[in-house]
Amino acid sequence: MYDIVPGFEFDDKADLERYDYWFLDATHSVPPWTPMFGWFWVNFCRHGMQYGAEKLSLPTVKGWDWRFKNGGGYLTLYTVKSQAEQEQREQCFRQAIRPLVENYDKVWGGFVTEILGHYDRLKQTNVNTADNIELLANFEDTIGVTRRMWEIHMYMMYGVYTAFILFENVCKDLLGIDDTKPQFQRLLRGFDNKAFQVDRELWQFARKADDMGLGSAFKGQAGNVIPVLEQSAAGKQWLGEFRAFLNEDGWRMQRMAEANLPTWIEDPTPAIANVQLYLNKGGKFNLDDERKKLAAERNEAEKQVLDRVPAAQRDWFKTMLALAQRASSFSEEHNHYLDLYTHSMIRRSCMAIGKKLAQAGTIGAAEDIMYLMPDEVRKVAIAPEFHNLHPIVNQRRDAWESWQKNENPPFIGKIDMMAAIGELVKAIAINAAGRVAPHGVEAFHQAVQKQIGILKEHSRRKQLTDHGTTPMTETASYMGWLPVENFRKGSLANAEPLAVAEFARLKVSNFGCYSCMTRCGQVHRVAQGNYAGAESEGPEYETIWALGAGLANSEIGAVVAADAKCDLLGLDTVSAGNALGFACELYERGILACSDTDGLELTWGNHAAFLQLLDQIGQREGLGRLLGEGVKRAAEQIGRGAERYAMHVKGMELPGYEPRALKGYALSYATSNIGGSHMYGRPRQELYSDPAKAVDRFAEIGKGQWIAQVQAQQAADETAIVCNFGNSGLTAELLGQLLVAATGRAELGDAAYRQRIGERILCLERAFNVREGFSRKDDTLPERMLTEPLQDAGKASTAQVVRHLDTMLDEYYDAVGYTRDGIPTETKMRELELSNT
1 MYDIVPGFEF
11 DDKADLERYD
21 YWFLDATHSV
31 PPWTPMFGWF
41 WVNFCRHGMQ
51 YGAEKLSLPT
61 VKGWDWRFKN
71 GGGYLTLYTV
81 KSQAEQEQRE
91 QCFRQAIRPL
101 VENYDKVWGG
111 FVTEILGHYD
121 RLKQTNVNTA
131 DNIELLANFE
141 DTIGVTRRMW
151 EIHMYMMYGV
161 YTAFILFENV
171 CKDLLGIDDT
181 KPQFQRLLRG
191 FDNKAFQVDR
201 ELWQFARKAD
211 DMGLGSAFKG
221 QAGNVIPVLE
231 QSAAGKQWLG
241 EFRAFLNEDG
251 WRMQRMAEAN
261 LPTWIEDPTP
271 AIANVQLYLN
281 KGGKFNLDDE
291 RKKLAAERNE
301 AEKQVLDRVP
311 AAQRDWFKTM
321 LALAQRASSF
331 SEEHNHYLDL
341 YTHSMIRRSC
351 MAIGKKLAQA
361 GTIGAAEDIM
371 YLMPDEVRKV
381 AIAPEFHNLH
391 PIVNQRRDAW
401 ESWQKNENPP
411 FIGKIDMMAA
421 IGELVKAIAI
431 NAAGRVAPHG
441 VEAFHQAVQK
451 QIGILKEHSR
461 RKQLTDHGTT
471 PMTETASYMG
481 WLPVENFRKG
491 SLANAEPLAV
501 AEFARLKVSN
511 FGCYSCMTRC
521 GQVHRVAQGN
531 YAGAESEGPE
541 YETIWALGAG
551 LANSEIGAVV
561 AADAKCDLLG
571 LDTVSAGNAL
581 GFACELYERG
591 ILACSDTDGL
601 ELTWGNHAAF
611 LQLLDQIGQR
621 EGLGRLLGEG
631 VKRAAEQIGR
641 GAERYAMHVK
651 GMELPGYEPR
661 ALKGYALSYA
671 TSNIGGSHMY
681 GRPRQELYSD
691 PAKAVDRFAE
701 IGKGQWIAQV
711 QAQQAADETA
721 IVCNFGNSGL
731 TAELLGQLLV
741 AATGRAELGD
751 AAYRQRIGER
761 ILCLERAFNV
771 REGFSRKDDT
781 LPERMLTEPL
791 QDAGKASTAQ
801 VVRHLDTMLD
811 EYYDAVGYTR
821 DGIPTETKMR
831 ELELSNT
């Protein structure tokens, strides 16, 4: 009885059988809602959401359903389950959204004219003199206007929300910014809309009060201002003009859609408080100048972003920008014209009838009408003196007060809240973005089939499916580029226990990315020994090296267990393994003692201690708290020469490719904008002679141009989402065909154009680093690589050091267009269209 909204009371059994989740709406109005307000909101917001979704034929949703429970409005999403129906609706949506995209001002302007006409009609009823029949007719008309307001509201909201999301996605793709970035926000500010005009009126009234010598009247509480003003002729004049303004634009309340609260016309206190705020800003404050400043910043931001948008996409970007800017204005204007104004009309009509009912003794006070339902109002409005609604009002008020003492749960569901949020975000995101299809479906399909055919027969793909990257450990140790004992040695004396055949014995299954035929992931499970039962999705070569060979640890079970532990703790295995090796060398050299390690003996190969130290890092306890900061910071805090043994570049720990044995990697590490990453530029010809090309891996001179090309290609490939393991046999020509078919952009078929994209990415990263203080001094390697000959590194690699890093840097800078200080030249920035960076 007391949930009050007939047909929409929450049914704990039926509503949770039919729907997985319900969310509380605590945004638009603070629960608990009174029955009258809840009836208006649940009925018509629900109707508007479904109307807007169907009018626009939103592809993935058909609006929302609502329920009322304990004074709270709960809602859930109507989702379109069928893929075929989604596709059909998407075609209709593209047509339905066109008028809004092509002529927003006409569409929104027409709605504003329409809704203001409805409000004018409602206001023609003088609620102070109207009889009961006239007031009831006005009440019924208000119900109809509320329904229409929500139709306009949700049609526009869905439309402009879609436009805003599309523009944000465009900005992410073309500019790398989203709505959290100041430049994005500046693009949407400084417009002269209705919301600003109301604020401007309030600011002008503040200036007028100051000019009329009324400033002292506004001291103290806002509620005390009007009585003070009424004591002087100037105050009365100001109040008269202020009330005229409120009669025009005061159809709002303190909160956006709270019909239980007085409007500014009933109680001007909130409006007076805003005038006080402007008075407190002082006479030098000028709201017009502030808006002009925002407009100027917007214009400048537009120029900046348009300079960065490719010429071919500039007109389209301008169209999307203009629509997003209108969407921003709508988000401000709709509060005035729709939510606030309509709920003021609801309150105006309800309070007029409430006064009549109170005068007749039907209810105790005018505000008690908020505890009634429209059907009850209809029954008693014409002849209220024959009815007694006090018992109903009292019972419902008691229920409402009990709801106030106990907050509504924010979520009701048969799945957990985070899962429900995931479903909700997924549905809304699909709704915003729509289904993305290749530009040329048939051409794309043909190119994909060609790639599948190549991949299916490629030997590297077969090896990755069978073994993943586990064979690399033996190769690296034999070739002498397997970093061992914190990069002192280049091979592991006892590498056989970590051989590919041993991992094959532990293999349980494959896994891989969705739709990938390579499935290079290897699940390994230890069957016996101290680590029996340990299982991990891996380890990859980097982990076998970092937590095994690099620590002189040949216990395969410990490597699998350590990999699983890192997964559980959220630790990067390369950085974690580096930290362990760093600690072991410090322990060996006496820089760390047992008292520093909580008794752990950090000797090479002590895998039991390694797993305990990983726990400490994950829990940030003991020595683990220090090592968890990474080797650079840890070394700085330890001191005593520890910095010499921290194997990093720019703070990123080095991976499992010894730079003294692979001089192309050495240069790539040193010049990488993100630090010592093997994925920043992969001169893999030094590893496998793949693709077939004679490369002297020990040569230092003459590799600058090559490494610059390798890094740019890697950046371009990553931008194209090319997998480093699933790209076997993928030629530049075939990649171009895939990209052109997917996007419709012919220039992406040109390998040189894609290379230029990679160059632009690297140059932009470098410019960011330069701004933060990076220069040539940071393009270096750990001292060990430059001065200590590599030990025990196979036939060819032993005794290698990086001797000519300065010359290598000069060659690299010349190739990429940087100064000898490692700073991009103005010429290069202009060439890459980054002159405004």
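If you use this note's numbering, the sequence shown corresponds to residues 1 to 837, in order.
We treat Cβ as the ideally placed atom computed from N, Cα and C, and that holds for glycine.
Identify, in the order they occur along the chain, each residue of the same chain with its Cβ nearer than 6 Å to the Cβ of residue i, setting aside the five sequence neighbours on each side.
| i | result |
| --- | --- |
| residue 22 | 74, 76, 412 |
| residue 271 | 264 |
| residue 543 | 563, 573 |
| residue 107 | 99, 100 |
| residue 821 | 775, 776 |
Around the Cβ of residue i, are there at least 16 other Cβ atoms within 10 angstroms (buried) or fewer (exposed)?
| i | result |
| --- | --- |
| residue 827 | exposed |
| residue 486 | buried |
| residue 511 | exposed |
| residue 400 | buried |
| residue 390 | exposed |
| residue 725 | buried |
| residue 490 | buried |
| residue 316 | exposed |
| residue 449 | exposed |
| residue 104 | buried |
| residue 276 | buried |
| residue 631 | buried |
| residue 82 | exposed |
| residue 509 | exposed |
DSSP beta-bridge partners for residue i?
| i | result |
| --- | --- |
| residue 521 | 511 |
| residue 115 | Answer by DSSP bridge pairing: none, since residue 115 is not bridged. |
| residue 489 | 484, 791 |
Which same chain residues end up closer than 7 Å to residue i when comparing Cβ atoms and leaving out the 5 residues on each side of it in sequence?
| i | result |
| --- | --- |
| residue 690 | Legend: pLDDT at residue 690 = 49, less than 50; position of this residue unreliable, value from coordinates given subsequently. Hits under 7 Å: 684. |
| residue 764 | 834, 837 |
| residue 322 | none |
| residue 434 | The pLDDT assigned to residue 434 is 42, lower than 50, so where the model puts this residue is not dependable; a value taken from the coordinates is nonetheless given after this. Correct list, in chain order: 59, 90. |
| residue 747 | 753 |
| residue 314 | 306 |
| residue 142 | 122, 345, 346, 349 |
| residue 342 | 145, 146, 149 |
| residue 481 | 490, 657, 658, 661, 662, 797 |
Output the distance between the C-alpha atoms of residue i and residue j, rounded to the nearest integer angstrom.
| i | j | result |
| --- | --- | --- |
| residue 802 | residue 720 | 33 Å |
| residue 451 | residue 836 | 39 Å |
| residue 751 | residue 716 | 10 Å |
| residue 742 | residue 445 | 9 Å |
| residue 833 | residue 574 | 36 Å |
| residue 457 | residue 792 | 38 Å |
| residue 432 | residue 240 | Low local confidence applies: a pLDDT of 41 at residue 432 is under 50, so the model's placement there is unreliable, and no value is given. |
| residue 160 | residue 550 | 56 Å |
| residue 296 | residue 51 | 39 Å |
| residue 6 | residue 66 | 12 Å |
| residue 707 | residue 812 | 7 Å |
| residue 360 | residue 250 | 30 Å |
| residue 92 | residue 155 | 15 Å |
| residue 705 | residue 696 | 15 Å |
| residue 468 | residue 520 | 5 Å |
| residue 186 | residue 294 | 7 Å |
| residue 258 | residue 37 | 8 Å |
| residue 169 | residue 761 | 19 Å |
| residue 699 | residue 184 | 47 Å |
| residue 479 | residue 320 | 55 Å |
Can you give me the Cβ contacts of residue i inside the same chain, cut-off strictly under 8 Å, excluding the 5 residues immediately before and after it?
| i | result |
| --- | --- |
| residue 506 | 524, 525, 526, 527, 556, 560 |
| residue 819 | 813, 825 |
Under the criterion of a Cβ to heavy atom distance below 7 Å, does residue i qualify as lining the ligand HEM?
| i | result |
| --- | --- |
| residue 14 | For the ligand HEM, the structure offers nothing, since it holds no ligand at all. |
*So, do the segment 169 to 179 and the segment 201 to 221 have three or more beta carbon pairs nearer to each other than 8 Å?*
no
*Please confirm if the segment 546 to 562 is in contact with the segment 496 to 514, defined as three or more CB-CB distances below 8 Å between the two stretches.*
yes
_Within 8 Å, do at least three Cβ pairs link the segment 581 to 599 to the segment 614 to 624?_
yes
*asked:* Taking 8 Å as the cut-off, does the segment 603 to 617 touch the segment 660 to 671 (at least 3 CB pairs, one atom from each stretch)?
replied: no
*With contact counted as at least three CB pairs below 8 Å, one residue from each stretch, are the segment 530 to 546 and the segment 583 to 590 in contact?*
no
*Does the pairing of the segment 283 to 301 with the segment 809 to 825 give three or more beta-carbon distances under 8 Å?*
no
_Three Cβ pairs or more, each shorter than 8 Å: is that satisfied between the segment 728 to 740 and the segment 645 to 653?_
no
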